[in-house]
Amino acid sequence: MNVLAIVSATLTCDGRETAILSPAEGKPLLGLLLDRLSGVDKLAGVVVTTSDEPEDQPIRDYCEARGTVCESGPRDDLLGRLLGSLKATGAKGGVMIDARNPLIDPALVDQVANLLQMTDGMLDWIGNTLTQTWPKGMEIDGFTTAALEEAGTRASPEQRREGPAFLRQNSRVYRPLSLTAPPELACPKVRLDLEGPQDLPRIESIIRHFSGRTDFSLAEILAYLDQAH
Numbered sequence: 002m003n004v005l006a007i008v009s010a011t012l013t014c015d016g017r018e019t020a021i022l023s024p025a026e027g028k029p030l031l032g033l034l035l036d037r038l039s040g041v042d043k044l045a046g047v048v049v050t051t052s053d054e055p056e057d058q059p060i061r062d063y064c065e066a067r068g069t070v071c072e073s074g075p076r077d078d079l080l081g082r083l084l085g086s087l088k089a090t091g092a093k094g095g096v097m098i099d100a101r102n103p104l105i106d107p108a109l110v111d112q113v114a115n116l117l118q119m120t121d122g123m124l125d126w127i128g129n130t131l132t133q134t135w136p137k138g139m140e141i142d143g144f145t146t147a148a149l150e151e152a153g154t155r156a157s158p159e160q161r162r163e164g165p166a167f168l169r170q171n172s173r174v175y176r177p178l179s180l181t182a183p184p185e186l187a188c189p190k191v192r193l194d195l196e197g198p199q200d201l202p203r204i205e206s207i208i209r210h211f212s213g214r215t216d217f218s219l220a221e222i223l224a225y226l227d228q229a230h
């Protein structure tokens, strides 16, 4: 099964600025995330999905400038936009990462993509968003194209806004696998996500510590935070 990574990116979310194009160590945070995903062996490719609204044009421009495929569609139909990306590439499965999680561990993405390939359609959803055992900013949803297509026939307009959440919220219909963080990484109170500009100094300090590396792991991030505090 070929698995596509889909980065969901908008410049605002629920009326708040996401700051995903803000620079950190000379590079937009969206670019850092894309660089980190480029090192994941199990992925067939990486695309960005954003809204087709004028306010998200900077995201489309940035992706075009760096040669990253960017699919756009209705802001309030994340499920439809994900399906559009999967169908455009012919991928049989996908992993969705929010652009507000620029520090997500590439090894976690690789694990979910590998599980999708190994189970080859026997599971509909694989991820770590059912229970919060991982640090904030490590959220990932993996799914098959077939399951997401089927969900598209059932989900209401409001549910389509939440994308793959429909799969994990309906375990009587779909077959989920929830990933729990191993003890050494189970730090649900640690925040590594980007809710807005106020989080930039915290994210930048982590990126600066690794001096231009883009492959640093969650374990390394936690070790740095322990040392710094």
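Read the sequence shown against this note's numbering and you will find it ends at 230, with the numbers running on by one and no gaps.
Quick reminder that beta carbons are idealized off the backbone N, C-alpha and C, glycines included.
Model, not experiment: these values are computed from the prediction.
Nearest-angstrom Cβ-Cβ length linking residue i and residue j, presumed shorter than 8 Å
i: T19; j: T51; result: The pair is not a contact, with the Cβ atoms about 11 Å apart (cut-off 8 Å).
i: R37; j: T145; result: Their Cβ separation, rounded to whole angstroms, is 24 Å, which puts R37 and T145 out of contact at 8 Å.
i: I60; j: L109; result: That pair is no contact at about 24 Å.
i: V48; j: T90; result: 7 Å
Contact check, residue i vs residue j, beta carbons under 8 Å
i: L178; j: L223; result: no
i: L195; j: L30; result: yes
i: G138; j: L104; result: yes
i: S23; j: L79; result: no
i: G143; j: V174; result: no
i: L5; j: A148; result: no
i: E72; j: S86; result: yes
i: D106; j: S218; result: yes
i: R76; j: I21; result: no
i: T134; j: A166; result: no
i: P136; j: L180; result: no
i: G74; j: D99; result: no
i: T69; j: L34; result: no
i: G81; j: M2; result: no
i: A25; j: L168; result: no
i: R67; j: G32; result: yes
Span of the beta strand (DSSP E), counted from its first residue to its last, around residue i
i: P177; result: 177-179
i: Q99; result: Note that residue 99 is Asp in the sequence shown, not Gln. Where D99 is concerned, the enclosing beta strand (DSSP E) stretches over 94-99.
i: S52; result: 46-52
i: Y70; result: According to the sequence as given, residue 70 is Val; it is not Tyr. Element bounds for V70: 70-74.
i: L5; result: 4-9
Local conformation of residue i per DSSP, three classes
i: C64; result: helix
i: P29; result: strand
i: A147; result: helix
i: P24; result: strand
i: G81; result: helix
i: L35; result: helix
i: L131; result: coil
i: T90; result: helix
i: E18; result: strand
i: T154; result: helix
Start and end residues, alpha helix (DSSP H) containing residue i
i: I207; result: 201-210
i: L116; result: 107-120
i: I222; result: 219-229
i: R169; result: 166-169
**Asked** Taking contact to mean at least 3 C-beta pairs separated by less than 8 Å, is the segment 203-214 in contact with the segment 147-167?
**Response** no
Query raised in the report: So does the segment 115-129 actually touch the segment 155-162, counting three or more Cβ pairs closer than 8 Å?
Result: With contact defined as three or more Cβ pairs closer than 8 Å, the segment 115-129 and the segment 155-162 are not in contact.
message = With three or more C-beta pairs closer than 8 Å as the rule, is the segment 34-50 touching the segment 111-125?
response = yes
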